[in-house]
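First to last, the protein sequences are chains A and B.
According to the working numbering, the first sequence holds residues 662 to 882 in order.
According to the working numbering, the second sequence holds residues 662 to 882 in order.
Glycine included, every Cβ here is placed at the ideal spot set by N, Cα and C.
Accompanying notes for the structure given below.
Number of protein chains: 2
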Amino acid sequence: MIRCIGKCTIFAASKSTLSRLPLYYSHIRKMQQQGEKYVSAAAVAQSLNLNPVLVRKDLSGVSSVEGKPRAGFEIDTLLNDLSEFLGYNKVDEAILVGVGSLGRLILTNTEFSSMGLDIAVGFDKDPDLVGLQIGSKYILPMEKMESYIKRTGVKIGIITVPADQAQSVCDQMVECGILAIWNFAFTLLNVPKGILVKNENLPSSLAVLSQQLANKLNNIK
Amino acid sequence: MIRCIGKCTIFAASKSTLSRLPLYYSHIRKMQQQGEKYVSAAAVAQSLNLNPVLVRKDLSGVSSVEGKPRAGFEIDTLLNDLSEFLGYNKVDEAILVGVGSLGRLILTNTEFSSMGLDIAVGFDKDPDLVGLQIGSKYILPMEKMESYIKRTGVKIGIITVPADQAQSVCDQMVECGILAIWNFAFTLLNVPKGILVKNENLPSSLAVLSQQLANKLNNIK
DNA sequence: TAGATTGTTAATCGATTAACAATC
DNA sequence: TAGATTGTTAATCGATTAACAATC
């Protein structure tokens, strides 16, 4: 349960908890749409193939009210708490740099906005792309990035350029005041202390998966 | 160092180690191309912003020879060991289901093949897509998936369909003998014990990033 | 040699799981 | 009531970090 001192929420979810919350949200949302009124941590755990204690702990962390033994949590309240906790209610602005195929995919994905992320605009150095509208988003030239960030105070930058350009884009972003970077380029970024980076890293994922498969096939494990 | 009993390698890398290895590989590869002959774990750690002990441990795990104090590891040998360990040398086949924009992106990405993953063919239920060639890959109708998997013995399936269709595609795959699933749909999959699943989950990543940013802005942390 | 770098053993940290009393 | 479900405390597990002797 969230405990409040003044207006400050003090439940600090771990990274791993945090990455499960959106899954709970979308699952419980589905139940709501099916007309359910209550949901138990146990049921969620079973549907999502997770340890029940884990789910219980996660949910009790974000819920504003205690769950009722034997019934569980009221879905409407719980969804509210989840979306509040995840910041789905208040919208963060972001910019995206690198309007290649991945960049376009992200720019045009409408689901991010329901998760509180509004990608305001894309930047690209290719003059052929500049001025185009992709989805409903305009593509601006790289030269305008600095003034854009400074004018709007946007804090989140998404990098979808090729790996060899990622560091330089990152440096520019940081220079202009971006505080959090979502990096889709396959390279680790060097950032000053205090700048947040979240890497999306397909080669790493693939390595884990294919190694596990190899082990399995070899019966090592 | 890899120790061998008969022909069986017994270093079992943890998931977290495994997901760092591709980063080491690509970084050290870059050094090789710049003409370097030796690399130290310490140097890699510094470039990638990682703890030196961690890198040392990871590298000593995969390297076939011991690193030389004061010099480090011979780059050519180390890269060989890394790519051997990661299975970049031997190619795994995979199929992909769901040829939307993300599916296309993955189908046409040429980098996977250098990482030992060959996406042989795509499947889609949309008759307009069937028969097309995207990149160099053919799109087949869903009905042919079963016979394709059984004929070729392919073991890896990539799911890029919308969330609400993912479970059913997954079930079909498992039914036909797929053992490892790379899931890009935003939903957790229920699979029988023993089937491997690796989820790519953007909403989860976003949740982590934006929460961290919020904490930062609130000076909670 | 002196110092950088290695590999390993022990300590720490964080997250998951197990155990259990409390409650509707 | 009996039993499912809750929240919490303690035990376990796994990964990272610290400490240190060995080596070129």
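Test item: CB-CB of residue i and residue j under 9 Å
{"i": "residue 685 (chain A)", "j": "residue 743 (chain A)", "result": "yes"}
{"i": "residue 689 (chain B)", "j": "residue 739 (chain B)", "result": "yes"}
{"i": "residue 745 (chain B)", "j": "residue 866 (chain A)", "result": "no"}
{"i": "residue 651 (chain A)", "j": "residue 839 (chain A)", "result": "As displayed, chain A neither begins before 662 nor continues past 882, which places residue 651 (chain A) out of reach and without an answer."}
{"i": "residue 747 (chain A)", "j": "residue 868 (chain B)", "result": "yes"}
{"i": "residue 701 (chain B)", "j": "residue 734 (chain B)", "result": "yes"}
{"i": "residue 764 (chain B)", "j": "residue 789 (chain B)", "result": "no"}
{"i": "residue 874 (chain B)", "j": "residue 841 (chain A)", "result": "yes"}
{"i": "residue 836 (chain A)", "j": "residue 804 (chain A)", "result": "no"}
{"i": "residue 698 (chain B)", "j": "residue 737 (chain B)", "result": "yes"}
{"i": "residue 849 (chain A)", "j": "residue 710 (chain B)", "result": "yes"}
Residue i versus residue j - alpha carbon distance
{"i": "residue 879 (chain A)", "j": "residue 780 (chain B)", "result": "22 Å"}
{"i": "residue 809 (chain A)", "j": "residue 833 (chain A)", "result": "12 Å"}
{"i": "residue 871 (chain A)", "j": "residue 853 (chain A)", "result": "34 Å"}
{"i": "residue 812 (chain B)", "j": "residue 775 (chain B)", "result": "25 Å"}
{"i": "residue 724 (chain B)", "j": "residue 751 (chain A)", "result": "49 Å"}
{"i": "residue 695 (chain A)", "j": "residue 830 (chain B)", "result": "22 Å"}
{"i": "residue 672 (chain B)", "j": "residue 721 (chain B)", "result": "10 Å"}
{"i": "residue 851 (chain B)", "j": "residue 821 (chain B)", "result": "16 Å"}
{"i": "residue 731 (chain A)", "j": "residue 741 (chain A)", "result": "21 Å"}
{"i": "residue 687 (chain B)", "j": "residue 705 (chain B)", "result": "11 Å"}
{"i": "residue 728 (chain B)", "j": "residue 717 (chain B)", "result": "9 Å"}
{"i": "residue 693 (chain B)", "j": "residue 791 (chain B)", "result": "43 Å"}
{"i": "residue 762 (chain A)", "j": "residue 726 (chain A)", "result": "44 Å"}
{"i": "residue 772 (chain B)", "j": "residue 682 (chain A)", "result": "32 Å"}
{"i": "residue 703 (chain A)", "j": "residue 814 (chain A)", "result": "43 Å"}
{"i": "residue 713 (chain B)", "j": "residue 856 (chain B)", "result": "35 Å"}
{"i": "residue 770 (chain A)", "j": "residue 796 (chain A)", "result": "8 Å"}
{"i": "residue 708 (chain A)", "j": "residue 674 (chain B)", "result": "30 Å"}
{"i": "residue 823 (chain A)", "j": "residue 794 (chain B)", "result": "25 Å"}
{"i": "residue 749 (chain A)", "j": "residue 755 (chain A)", "result": "14 Å"}
{"i": "residue 826 (chain B)", "j": "residue 787 (chain B)", "result": "13 Å"}
Enclosing beta strand (DSSP E) for residue i [first to last residue]
{"i": "residue 858 (chain A)", "result": "857-860"}
{"i": "residue 773 (chain A)", "result": "Per DSSP, residue 773 (chain A) belongs to no beta strand (DSSP E); it is in the alpha helix (DSSP H), 772-775."}
{"i": "residue 778 (chain A)", "result": "778-785"}
{"i": "residue 839 (chain B)", "result": "No beta strand (DSSP E) holds residue 839 (chain B); DSSP gives it neither H nor E."}
Same chain, Cβ closer than 6 Å to residue i, neighbours up to 5 away in sequence not counted
{"i": "residue 783 (chain A)", "result": "757, 760, 768, 798 and 800"}
{"i": "residue 843 (chain B)", "result": "819 and 859"}
{"i": "residue 882 (chain A)", "result": "Residue placement at residue 882 (chain A) cannot be trusted, given a pLDDT of 39 that sits under 50; what the coordinates show is reported in the next sentence. Result list for residue 882 (chain A): 876, in chain order."}
{"i": "residue 678 (chain B)", "result": "719"}
{"i": "residue 802 (chain B)", "result": "791"}
Unbroken alpha helix (DSSP H) run spanning residue i, endpoints
{"i": "residue 868 (chain B)", "result": "863-878"}
Own chain, CB closer than 8 Å to residue i, minus 5 neighbours either side, in chain order
{"i": "residue 753 (chain B)", "result": "777, 778, 779, 816 and 817"}
{"i": "residue 676 (chain B)", "result": "none"}
{"i": "residue 828 (chain B)", "result": "848, 850 and 851"}
{"i": "residue 667 (chain A)", "result": "Summary for residue 667 (chain A): the model assigns pLDDT 35, below 50, so the residue's position carries little reliability; its value from the coordinates is reported in the next sentence. Here the set comprises nothing."}
Which whole runs of the beta strand (DSSP E) in the segment 736-767 of chain B are 3 residues long or more, in chain order? 753-758, all fully within the segment 736-767 of chain B.
What beta strand (DSSP E) runs, 3 residues minimum, are completely inside the segment 793-823 of chain A? Fully enclosed beta strand (DSSP E) runs of 3 or longer: 798-802 and 817-820.
Let me know the beta strand (DSSP E) ranges lying completely inside the segment 694-733 of chain B, each 3 residues or longer, listed in chain order. Entirely contained in the segment 694-733 of chain B, not one beta strand (DSSP E) run reaches 3 residues.
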